[in-house]
Each structure stands twice: as structure tokens, then as C-alpha cells.
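Colleague: Position 59, counted from 1, in the sequence shown is what our numbering calls 147; the numbers after and before it change by one each time, with no gaps.
All C-beta atoms, glycine included, are put in the ideal place defined by N, C-alpha and C.
Quick one: this structure, given as C-alpha cells, is what I'll be asking you about.
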Amino acid sequence: MCLYRLKQILKRKFLINLALARELNSLTTNLSFMPSPRMLISRAGLTTQEVLADEFSVENQIIFNESLNDLNLTGINFNEVKINNCLFIRSDFSGDKFYSTEINKTEFSNCDFTNCELHDILFADCIFIDCIFEKSEFYDYLFNVCNFLNANMNWAYHASSRFNKSEIRHSSFNNTIISGCHFSDTLFDKNKSSNIKVLEPQINNQNNVINEAQTIELLLSGNK
């Protein structure tokens, strides 16, 4: 049901843009002036509210056993959504908001999570390959048994969050802000990290409290 809802949202957004483009082309072909936005919206059979809406909400739904490729999923608020055993390839989640969401046994490949907000999220047994998390904000999340390869975490903000039994390889943490995060049995390998800002003490794989940015950079890069 959630997948159907997502498809309806994407279809509606596409049809709105298509209707406006067609009407604009028709009017500019037959008129000597540029129509006003209100005129264009009215002639396309739409309402101002429909056209201006840039966010949609998906709540209390489940997506499972789906393979979803090349989807534009921007501008969606996910609230108490469960995503299980799915595959997302080249999907754009940029600017989305995730609240109290659980994502299990799901693979993301070449997906964009730029400028996302993730609050109280559980990722379990997930794989992220060539994904972008730049400038995203992570709060109270858990990556449990997750693998990252070539992840872009630059300019991201991580607060009160945990990585457990996970692997992060060939990824970047440049200009990342970290506040009160815990790393347990997590492998960091051949990553790039610089200009790390630490707001609260961190806990590394050996449960030693460390709060120096330089030490954090060494940990994230895989150099102990």
C-alpha cells in the first residue's frame, strides 16, 4: 500500500509538471504575451495548492520485497514507515525527512540523501554503495550490521547516534560534525576525514572515551 501511495505521489507530481509545460507551450504559441502563473494554473485544470505543494507525507506504511530504480523521491516526509528487503538503485531522496522509521535488509546503490533529516532511525543489515549523505542531519539513529562503500558523509551532522558491527570503507567524512556518537565493533577502512568537529566525547571500538578531533579523524579514516 505504501508503494502504491509513493507511485501515486510521483505520478501526480509528474502530471502536474507535464500539464503546466503543455499549457505554457500552447499559450505562448498562440498568444503574444507571457501568461501569468495564475492563468497558467487555471487553464491546466490545477489548483495553486497542488502546484505549490513541495512536500508529501507517507505515514504508518510498509514497503517490502520491492526493487525500485531511478525514482525521484524528493520532498517526502517518511513517518513511522518500515522498509524491508528492498533494493533502491539511483533513487533521489534528497531533502527528505525520516522520522521513527525502520529499514531492514535493504540495499541502496547510487542513491542521493543530500540535505536529509533522519530522526530516531534504525538501519539493520543494510548496504549502501556509492551513496551521498552530504549535509544531512542524523539524530538518535542506529546503523546495526550495515556496510558502506564509497559513502559521502561530508558536511553531515551526527548526534547521539550509534554504529554497531558495521563496516565503512573508502568513504569520506570531511567537515563532519560529530556529537555523542558511539562506535561498537565497527570497521573503518581507507576512508578520508578532515576538519572533523567534535561537540561531545566519542566512544571508539575499544570503549575508550576520546574527544580530540585529530583522534576521531584517525579512527574514521581507519588509522588507529
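Here's the rule I'm using: 16 or more other beta-carbon atoms within 10 Å means buried, otherwise exposed. How should E281 be labelled?
Modeller: As a working mapping, residue 281 is identified with position 193 in the sequence shown. This sequence places Ser at residue 281; Glu is not what is there. Burial call: buried.
Colleague: I want to know whether the stretch 211-218 touches the stretch 264-278 - three or more CB-CB distances under 8 angstroms.
Modeller: No, the stretch 211-218 does not touch the stretch 264-278.
Colleague: Could you tell me whether the Cβ atoms of A247 and F226 are closer together than 8 angstroms?
Modeller: Looking up residue 247 in the sequence shown gives position 159. Looking up residue 226 in the sequence shown gives position 138. The answer is yes: Cβ separation under 8 angstroms.
Colleague: Below 6 angstroms CB to CB, which residues in the same chain sit around R250 once its five sequence neighbours on both sides are set aside?
Modeller: If you number the sequence shown from 1, residue 250 lands on position 162. So the list reads L230 and H270, once near-sequence residues are dropped.
Colleague: Please classify I209 as buried or exposed, where buried requires at least 16 other C-beta atoms within 10 Å of its C-beta.
Modeller: Here residue 209 corresponds to residue number 121 of the sequence shown, with the count starting at 1. I209 is buried by the Cβ-count criterion.
Colleague: Looking at the unbroken beta strand (DSSP E) that takes in N165, where does it start and where does it end?
Modeller: Position 77 of the sequence shown, counted from the start, is the residue given in the question as residue 165. First-last of the beta strand (DSSP E) with N165: I164 to N167.
Colleague: Give the range of the beta strand (DSSP E) segment to which N153 is assigned.
Modeller: Here residue 153 refers to the residue found at position 65 when the sequence shown is read from its first residue. Premise fails: N153 is in no beta strand (DSSP E) and is neither H nor E.
Colleague: Let me know the secondary structure DSSP gives H270 once reduced to three states.
Modeller: Translated into the one-based positions of the sequence shown, residue 270 becomes position 182. Looking at H270 - three-state DSSP - the assignment turns out to be strand.
Colleague: So the beta strand (DSSP E) Y187 belongs to, where does it begin and stop?
Modeller: Looking up residue 187 in the sequence shown gives position 99. Per DSSP, Y187 belongs to the beta strand (DSSP E) from K185 to Y187.
Colleague: List the DSSP bridge partners of V286.
Modeller: Position 198 of the sequence shown, counting from 1, holds the residue named residue 286. I266, per the DSSP bridge assignment.
Colleague: Round the Cβ separation of N203 and K223 to the nearest angstrom and send it over; I've been treating them as touching at under 8 angstroms.
Modeller: Numbered from its first residue, the sequence shown carries residue 203 at position 115. Numbered from its first residue, the sequence shown carries residue 223 at position 135. Indeed they touch by this definition, with Cβ atoms about 5 angstroms apart.
Colleague: How would you write the range of the beta strand (DSSP E) that S197 sits in, first residue to last?
Modeller: Here residue 197 is taken as the residue at index 109 of the sequence shown, counted from 1. Its beta strand (DSSP E) spans residues E195 to S197.
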